[in-house]
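J.: Mind looking over this structure? Questions follow.
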C-alpha cells in the first residue's frame, strides 16, 4: 500500500518538519519539473475552489498534469457509482489522488483500497491535513520558530476542524493556547483532555481584547449563524469575535493574523492594510506546502 | 454454608453440562446481546441459559451453558464490549478445567456500528474498524474512518 496523507495524526513531528523543509525549497524555486510526466487526479466530490486551485497550481508549477472534477454532479457518482469503484478506476489513470468528500472517513477508506497515494483535501468535518501543514509553515515563516509560541484561536472552536488539527499538530512545540469563542462554540472536551494530558497550558475566554495582546499568532475563524441553537445568542455575540483595526494597537510587534479563508466579516477590511495581516500570504504558502506534500508522497523529494 | 446452598440452587436452575463452556456473571440485560455477539443463534449444539438469577455482585445475572463448544480468545474478548465482567469456565467431564476472564481488545473489527451518520462506514460497504479506548472503565470505540468516538450509550452491535 502506498503512503497517503489522510489525517494530521498520520505524520510524526519529524515528518511535519521534513515537509516544511521541502516547502522551503519550493519557495526558493517554485517552478520545477519534479512532477514531469506525472498525472495527479483532483477528485472534488464537494466543491472547494480555493483548495482545488491551490493543489492544481502546485501540480502545474512542479511540472505535472491534472485530471479530475470539481463537483460531483459532473462525476459518475451521480449515476450511483460507489466511492470504492470510482477510486479503483481513477487509481489506474493517475499517480496520486487528491480528494475532497462530504462524508467523514472517505479519504481513509480510499487510502485503503487505492494503489496510489491519497491526499485528503477535506472529509466532511473531520480532517484537512494540508491546511494544517501550510498553517505550520506560515507560523514558522513569520515567527522564525514553532516553539514556545502564544497562539490565540478566535471564533468557532467547536466545529472548526482547522483549529482542532492545528491544536494537535502544534502541541509538539510547547505552545500556550488561548481559545476565544462564544460559550456555545467552546473547544470539545476531547481536545482539552488531550492538552491536559500533554501539560499544555490553555485559557478559554470570551475576552478577545485581553487575549490578542498576548498573541504571537492570532488564528481567526468564522462564526456561522447556523451553529447557534438560539438566534438571540448569535445576535448578542456575533460582534464580539470580529477583528477591527483599532484592536491591533498594543499587540506584539511580531504578531501575525492568520485565517484559513474564506472570510466573511470576521476580519474587518481595514485590517488588510496592516503588516500584521498574513492571511493572503498564507494562501501563497499553501502552494509551496502542497508541492512539498505531493512530491514527498511520490518519493521524489 | 450459605454459599453452598446458593450454589446448589443455581445448579438446579441451569443444569450442569459434561463438556463445554459456561459463561457466567452476565448482567441480565446483556444476555441477548451476548447471544448475538457469539452468534449462538447459529450454534446447533445444546445450549441452556438462565436469566434474572440472583447475584450478589450484579444484583441480577444471566448464565449460558453451551455443550461441546469452546471459544477462541478473540471471540471471548468481543464480549468485553458489552459485559467486561463476564467469567468463562471450560468444562471437561463435569469439572472446571480452566477459568477465563475477558480482555478488552485493542481493536474491534466488524462488530459495532459507528454512531456518526456522516461516517463513510455507514455509506459504503465497509467492515467497521475501531480503536478501543477506556474511559473510567467504560469502553468507547474510536472509528478508524471518521475518528469520531462511539460511547457505550450509542453503541449498536452489528
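Chains as they are written, first to last, in my numbering: chain A, 729 to 1029; chain B, 538 to 695. Every residue, glycine too, gets a C-beta built ideally from N, C-alpha and C.
Kindly indicate if chain A contains any beta-carbon less than 8 Å away from that of residue 592 (chain B).
T.: As a first step, residue 592 (chain B) is located in the second chain; it is residue number 55 there, counting from the start. Residue 592 (chain B) does not count as touching chain A.
J.: Indicate whether at least one CB of chain B lies closer than 8 Å to the CB of residue 850 (chain A).
T.: Stepping through the first chain from its first residue, residue 850 (chain A) is reached at position 122. Answer no: the Cβ-Cβ gap between residue 850 (chain A) and chain B never drops below 8 Å.
J.: Does residue 541 (chain B) come out as helix, strand or coil in the three-state DSSP assignment?
T.: Taking the second chain and counting its residues from 1, the one referred to as residue 541 (chain B) is at position 4. Note that residue 541 (chain B) scores 46 on pLDDT, short of 50, meaning its location in the model is unreliable and no value can be drawn from it.
J.: Cβ atoms of residue 640 (chain B) and residue 574 (chain B): under 8 Å apart, would you say?
T.: The residue labelled residue 574 (chain B) in the question sits at position 37 within the second chain. The residue labelled residue 640 (chain B) in the question sits at position 103 within the second chain. Contact: no.
J.: Excluding the 5 residues flanking residue 626 (chain B) on each side, which residues of the same chain have their C-beta closer than 6 Å to its C-beta?
T.: Position 89 of the second chain, counted from the first residue, corresponds to residue 626 (chain B). Excluding positions up to five away in sequence, the list reads 559, 633, 636.
J.: Give the interface partners of residue 833 (chain A) over in chain B, defined as CB-CB distance under 7 Å, in chain order.
T.: For this step, residue 833 (chain A) is matched to residue 105 along the first chain. Chain B residues near residue 833 (chain A): 656, 657, 658, 680, 682, 683.
J.: What residues of chain B sit near residue 810 (chain A), judged by a beta carbon separation below 8 Å?
T.: Within the first chain, numbered from 1, the residue matching residue 810 (chain A) stands at position 82. What residue 810 (chain A) touches in chain B: 661, 662.
J.: Using 8 Å as the limit for Cβ to Cβ distance, is residue 907 (chain A) near chain B?
T.: Position 179 of the first chain, counted from the start, is the residue given in the question as residue 907 (chain A). Chain B, which has no Cβ nearer than 8 Å to the Cβ of residue 907 (chain A), makes this no.
J.: Got a sec: is the Cβ-Cβ distance from residue 614 (chain B) to anything in chain A below 8 Å?
T.: Position 77 of the second chain, counted from the first residue, corresponds to residue 614 (chain B). Answer no: the Cβ-Cβ gap between residue 614 (chain B) and chain A never drops below 8 Å.
J.: From the beta carbon of residue 625 (chain B), is the nearest beta carbon of chain A less than 8 Å away?
T.: As a working mapping, residue 625 (chain B) is identified with position 88 in the second chain. So, not an interface residue.
J.: For the stretch 731 to 761 of chain A, enumerate the residues whose C-beta is nearer than 8 Å to any C-beta of chain B, in chain order.
T.: Listed by position along the chain: 735.
J.: Of all Cβ atoms in chain B, is any one closer than 8 Å to the Cβ of residue 836 (chain A)?
T.: Within the first chain, residue 836 (chain A) is the residue found at index 108, counting from 1. It does: the Cβ of residue 836 (chain A) has a partner Cβ on chain B nearer than 8 Å.
J.: Counting only C-beta atoms, is residue 925 (chain A) closer than 8 Å to chain B at any point?
T.: As a first step, residue 925 (chain A) must be located in the first chain, where it is residue number 197. Answer no: the Cβ-Cβ gap between residue 925 (chain A) and chain B never drops below 8 Å.
J.: Spell out a yes or no on whether the stretch 891 to 898 of chain A and the stretch 857 to 876 of chain A are touching, meaning 3 or more CB-CB pairs, one atom from each, closer than 8 Å.
T.: These segments touch.
J.: When you check each C-beta in the stretch 785 to 809 of chain A against every C-beta of chain B, which residues fall closer than 8 Å?
T.: If the cut-off is 8 Å between Cβ atoms, the stretch 785 to 809 of chain A has nothing near chain B.
J.: Classify residue 666 (chain B) as helix, strand or coil using the three-state DSSP reduction.
T.: Numbered from its first residue, the second chain carries residue 666 (chain B) at position 129. Strand at residue 666 (chain B).
J.: Counting only beta-carbon separations shorter than 8 Å, does residue 653 (chain B) have a partner in chain A?
T.: As a position in the second chain, residue 653 (chain B) is number 116, starting the count at 1. So yes, residue 653 (chain B) belongs to the interface.
J.: If you compare alpha carbons, which of A:755, A:946, A:847, A:831 is closest to residue 878 (chain A)?
T.: On the first chain, residue 878 (chain A) is found 150 positions in, with the first residue counted as 1. Looking at the Cα atoms, A:946 is the closest of the given residues.
J.: Can the beta-carbon of residue 823 (chain A) be found closer than 8 Å to that of residue 844 (chain A)?
T.: On the first chain, residue 823 (chain A) is found 95 positions in, with the first residue counted as 1. On the first chain, residue 844 (chain A) is found 116 positions in, with the first residue counted as 1. Yes, these two residues count as a Cβ contact at 8 Å.
J.: Round the Cβ separation of residue 913 (chain A) and residue 885 (chain A) to the nearest angstrom and send it over; I've been treating them as touching at under 8 Å.
T.: Here residue 913 (chain A) refers to the residue found at position 185 when the first chain is read from its first residue. Here residue 885 (chain A) refers to the residue found at position 157 when the first chain is read from its first residue. About 6 Å separates the two Cβ atoms, so the contact holds.
J.: Which of the three DSSP states, helix, strand or coil, is assigned to residue 783 (chain A)?
T.: Start at 1 with the first residue of the first chain, and residue 783 (chain A) comes out as number 55. Residue state, collapsed to three classes: helix.
J.: Examine the Cβ distances between the stretch 660 to 668 of chain B and the stretch 680 to 687 of chain B and report whether three or more of them are shorter than 8 Å.
T.: Cβ pair count under 8 Å is three or more, so yes.
J.: Report the three-state DSSP secondary structure of residue 860 (chain A) (helix, strand or coil).
T.: On the first chain, residue 860 (chain A) is found 132 positions in, with the first residue counted as 1. Three-state result, residue 860 (chain A): helix.
J.: Can you list, in chain order, the residues of its chain with a C-beta nearer than 8 Å to that of residue 746 (chain A)? Leave out the 5 residues immediately preceding and following it.
T.: Numbered from its first residue, the first chain carries residue 746 (chain A) at position 18. For residue 746 (chain A), where only same-chain residues beyond five positions count, the Cβ hits under 8 Å are 1024.
J.: Relative to the alpha-carbon of residue 952 (chain A), which residue among A:986, A:883, A:976 has its alpha-carbon at the smallest distance?
T.: Here residue 952 (chain A) refers to the residue found at position 224 of the first chain. Selected option, being the one with the closest Cα: A:883.
J.: May I have a chain-ordered list of the alpha helix (DSSP H) segments no shorter than 4 residues that lie completely inside the stretch 787 to 872 of chain A?
T.: Whole alpha helix (DSSP H) segments, 4+ residues: 811 to 819, 834 to 841, 857 to 871.
J.: Under the DSSP definition of a beta bridge, which residues are partnered with residue 756 (chain A)?
T.: Translated into positions along the first chain, residue 756 (chain A) becomes position 28. Note: residue 756 (chain A) sits in no beta bridge, so no partner.
J.: Flag this pair as yes or no: are the beta carbons of residue 763 (chain A) and residue 791 (chain A) separated by less than 8 Å?
T.: Walking along the first chain from the start, residue 763 (chain A) turns up at place 35. Walking along the first chain from the start, residue 791 (chain A) turns up at place 63. Against a cut-off of 8 Å, the Cβ pair of residue 791 (chain A) and residue 763 (chain A) comes out as a contact.
J.: Count the CB pairs spanning the stretch 820 to 836 of chain A and the stretch 771 to 778 of chain A that are closer than 8 Å, and state whether there are at least three.
T.: Touching, per the Cβ criterion.
J.: Just confirm the distance between the C-beta atoms of residue 875 (chain A) and residue 899 (chain A), as a whole number of angstroms; I'd bet it's less than 8 Å.
T.: For the purposes of this step, residue 875 (chain A) is taken as residue 147 along the first chain, with counting starting at 1. For the purposes of this step, residue 899 (chain A) is taken as residue 171 along the first chain, with counting starting at 1. Rounded, the Cβ-Cβ distance is 12 Å, inconsistent with contact.
J.: Using CA atoms only, rank isn't needed, just tell me which of B:554, B:676, B:680 is closest to residue 620 (chain B).
T.: Here residue 620 (chain B) corresponds to residue number 83 of the second chain, with the count starting at 1. The residue with the shortest Cα to Cα distance from residue 620 (chain B) is B:676.
J.: Any idea if residue 744 (chain A) is buried or exposed, counting beta-carbon neighbours within 10 angstroms, 16 or more meaning buried?
T.: On the first chain, position 16 is the one that residue 744 (chain A) refers to. Buried.
J.: Kindly give me the distance between the Cβ atoms of residue 732 (chain A) and residue 853 (chain A), rounded to whole angstroms, as I take these residues to be in contact under 8 Å.
T.: Start at 1 with the first residue of the first chain, and residue 732 (chain A) comes out as number 4. Start at 1 with the first residue of the first chain, and residue 853 (chain A) comes out as number 125. That belief does not hold up - the Cβ atoms of residue 732 (chain A) and residue 853 (chain A) are roughly 20 Å apart, past 8 Å.
J.: Kindly indicate which residue of B:681, B:655, B:630 has the alpha-carbon position closest to the one of residue 647 (chain B).
T.: For this step, residue 647 (chain B) is matched to residue 110 along the second chain. The shortest C-alpha separation from residue 647 (chain B) is found at B:681.
J.: Comparing C-alpha positions only, which one of A:787, A:821, A:950 sits nearest to residue 1015 (chain A)?
T.: Taking the first residue of the first chain as 1, we reach residue 1015 (chain A) at position 287. The option with the nearest alpha carbon to residue 1015 (chain A) is A:787.
J.: Is residue 1024 (chain A) helix, strand or coil when you go by DSSP?
T.: Your numbering for residue 1024 (chain A) matches position 296 in the first chain. Looking at residue 1024 (chain A) - three-state DSSP - the assignment turns out to be helix.
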